[in-house]
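Heads up, the thing below is written out as structure tokens.
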Amino acid sequence: MALDELIDSCEPTHVKHMMQVIEPQFQRDFISLLPKELALYVLSFLEPKDLLQAAQTCRYWRILAEDNLLWREKCREEAGIDEPLAFKKRKVTKPGFTHSPWKCAYIRQHRIDTNWRRGDLRSPKVLKGHDDHVITCLQFCGNRIVSGSDDNSLKVWSAVTGKVRLSLIPRSPTPILKLGQTFLTTECRKLPLSQL
1436 MALDELIDSC
1446 EPTHVKHMMQ
1456 VIEPQFQRDF
1466 ISLLPKELAL
1476 YVLSFLEPKD
1486 LLQAAQTCRY
1496 WRILAEDNLL
1506 WREKCREEAG
1516 IDEPLAFKKR
1526 KVTKPGFTHS
1536 PWKCAYIRQH
1546 RIDTNWRRGD
1556 LRSPKVLKGH
1566 DDHVITCLQF
1576 CGNRIVSGSD
1586 DNSLKVWSAV
1596 TGKVRLSLIP
1606 RSPTPILKLG
1616 QTFLTTECRK
1626 LPLSQL
């Protein structure tokens, strides 16, 4: 408490001068001054959400916060994940910078847990249109759904609205359906998907 007494005995101009000298010392990036192993040890005490925020501080902190071993420990401690999912090789966003598969596994698990806890589920869309017939084939293409039933009819649905965009009833008992990138082909006709 000698420091308190010293400050109390100083004039305001001296206190202001001391603050101007001392304050920049507290604004130094101590993590960047530490050896990498020590910096990672310090960051290991952060909660995962704080670690994600720390990654936004600067480039070096981002590199540290992407450390695979650091996230492996977070996965085991916090999320109960013992193995990351097999992941596709991602594009390297910057030369020499890669994403930790353990971090990706943690974030994925966190999103799943959050979705389960919140329960924000959209109500399902019931697509009615084949009446009393069994749907025998179903195919998705972008925001369109094509269904075929045992009465040989085909229906093209909007996946967004759940409404029928087109109904096809073939002349022969066996329709041929092919859904490509740009066309829906049946034995009846070839239809551009842009019109559906």
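Each number in this note's numbering comes from the position in the sequence shown (counting from 1) with 1435 added on.
For glycine and all other residues, C-beta sits at the position ideal for the given N, C-alpha and C.
Bear in mind the structure is a predicted one, so any value in this text is a computation, not a measurement.
Item: Give a yes or no on contact between the segment 1564–1582 and the segment 1540–1556, applying the rule of three or more CB pairs nearer than 8 Å.; Value: no
Item: Could you check which residue in Tyr1495, His1568, Leu1481 has the C-alpha nearest to that of Lys1509?; Value: Leu1481
Item: Could you check the C-alpha separation between Asp1439 and Arg1552 for me, to the nearest Å?; Value: 49 Å
Item: Three or more C-beta pairs under 8 Å: does that hold for the segment 1461–1473 against the segment 1488–1499?; Value: yes
Item: Assuming Arg1507 is part of the alpha helix (DSSP H), what are its boundary residues?; Value: 1503–1509
Item: Where does Val1527 sit, in a helix, a strand or coil, going by DSSP?; Value: Any reading at Val1527 must be qualified, since the residue scores a pLDDT of 47, below 50, and its modelled position is unreliable; no value is offered.
Item: Taking Leu1487 as the reference, give the member of Ala1474, Glu1472, Trp1506 with the closest Cα.; Value: Trp1506
Item: Along the chain, where does the beta strand (DSSP E) that runs through Phe1575 open and close?; Value: 1570–1576
Item: Could you tell me the distance, in whole angstroms, from the CA atom of Trp1592 to the CA atom of Leu1603?; Value: 12 Å
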